Amino acid sequence: MPFDLPELLRPYLLPLLIAVPLAILVILISIRRGDEYHRSEFLPSRFEPTQLPPAAAGMIVQRVPAMPVPVQPKAPLPVMVVDDSAVVRAKLGKLLQSAGYQVVVARDGVEALDLLGQQHVALLITDLEMPNKDGFELIADVQGSLDTEDLPIIAITGHEELQGRVHQVQGIYGIFKKPWNDRDLLKRVEALVSLRRPAPAQAA
Numbered sequence: 001m002p003f004d005l006p007e008l009l010r011p012y013l014l015p016l017l018i019a020v021p022l023a024i025l026v027i028l029i030s031i032r033r034g035d036e037y038h039r040s041e042f043l044p045s046r047f048e049p050t051q052l053p054p055a056a057a058g059m060i061v062q063r064v065p066a067m068p069v070p071v072q073p074k075a076p077l078p079v080m081v082v083d084d085s086a087v088v089r090a091k092l093g094k095l096l097q098s099a100g101y102q103v104v105v106a107r108d109g110v111e112a113l114d115l116l117g118q119q120h121v122a123l124l125i126t127d128l129e130m131p132n133k134d135g136f137e138l139i140a141d142v143q144g145s146l147d148t149e150d151l152p153i154i155a156i157t158g159h160e161e162l163q164g165r166v167h168q169v170q171g172i173y174g175i176f177k178k179p180w181n182d183r184d185l186l187k188r189v190e191a192l193v194s195l196r197r198p199a200p201a202q203a204a
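So for the sequence shown, full-length UniProt numbering puts the first residue at 1; every next one is plus one.
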């Protein structure tokens with residue numbers, strides 16, 4: 001004998017059969033979303049650096065400062081001082097070194113020419129009265145050589161009669177009488193050191 005439902009329940013049977021599965025489905029979806037939410041609290045997203053530990057986040061956003069480029073200091077310009085007086089060589093050497101120049105000293109014209117053949121200098125300061133080879137002979141030899149013909153020259157002397165003679169020499173860029181004025185001499189040196197062409201580069 002088939003099972004007969006009461007007449008009162010038959011109108012509610014179809015809605016009940018539809019509502020119960022839907023309710024179960026909604027409950028399952030809610031539980032699943034709740035589980036995903038709780039997991040997200042403990043598992044940060046790999047694509048969001050702000051949720052990384054502080055140390056890791058700092059490594060991502062912190063910029064590494066650029067390394068400063070070292071500046072190579074310019075080599076001091078060499079200036080030659082030629083005088084047979086050790087006192088004069090010492091005074092001029094100290095004055096020029098304090099102004100940032102490299103000083104090469106010679107006791108007479110012979111020694112000066114030998115040194116000029118070994119290294120490049122930007123300026124020559126020479127006494128006029130010296131043994132072996134005096135200032136006039138040194139100036140003539142310097143100006144007569146292709147390697148040093150453009151070398152600026154400053155003459156210093158303690159004799160007034162030599163000043164008139166040196167005015168006749170071509171290529172002298174200054175004449176200073178002993179004792180000289182340090183400031184005036186340094187101004188002249190500074191103005192002349194840029195006139196000499198750089199030394200030619202030696203082949204490797």
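Glycine included, C-beta positions come from ideal geometry on N, C-alpha and C.
Keep in mind that this is a model prediction, so the values were computed, not measured.
Three or more Cβ pairs closer than 8 Å define a contact, and the region 94-104 falls short of that threshold against the region 138-148. Within the same chain, Cβ atoms closer than 6 Å to the Cβ of leucine 192 are found at Leu123, Pro152 and Tyr173, the five residues on either side in sequence being excluded.
Between aspartate 182 and leucine 128, the gap from beta carbon to beta carbon reaches 9 Å or more.
Between the alpha carbons of valine 189 and proline 131 lies a gap of roughly 25 Å.
In the structure shown, the three-state DSSP call for glycine 174 is strand. Exposed is the label assigned to alanine 75, since fewer than 16 other Cβ atoms lie within 10 Å of its Cβ. Counting the other Cβ atoms within 10 Å of the Cβ of alanine 155 gives 16 or more, which makes it buried. A straight line joining the alpha-carbon of isoleucine 125 with that of leucine 116 spans about 13 Å. Taking each of Val110, Arg89, Leu25 and His159 in turn and checking the Cα distance to isoleucine 139, the smallest one comes out for Val110.
For threonine 148, no pairing in a beta bridge is given by DSSP. Val79 is the residue among Val79, Asp83, Phe176 and Leu113 whose C-alpha sits nearest the C-alpha of serine 98.
The residue among Glu160, Arg196 and Glu137 with its C-alpha nearest the C-alpha of aspartate 108 is Glu137.
Assigned with DSSP and collapsed to three states, leucine 123 falls in strand.
When DSSP reads this structure, proline 78 sits in a beta bridge with Gln102. A distance below 7 Å between beta-carbons, with the five flanking residues on each side excluded, links alanine 106 to the following residues of its chain, in chain order: Met80, Val82, Ala112 and Leu115.
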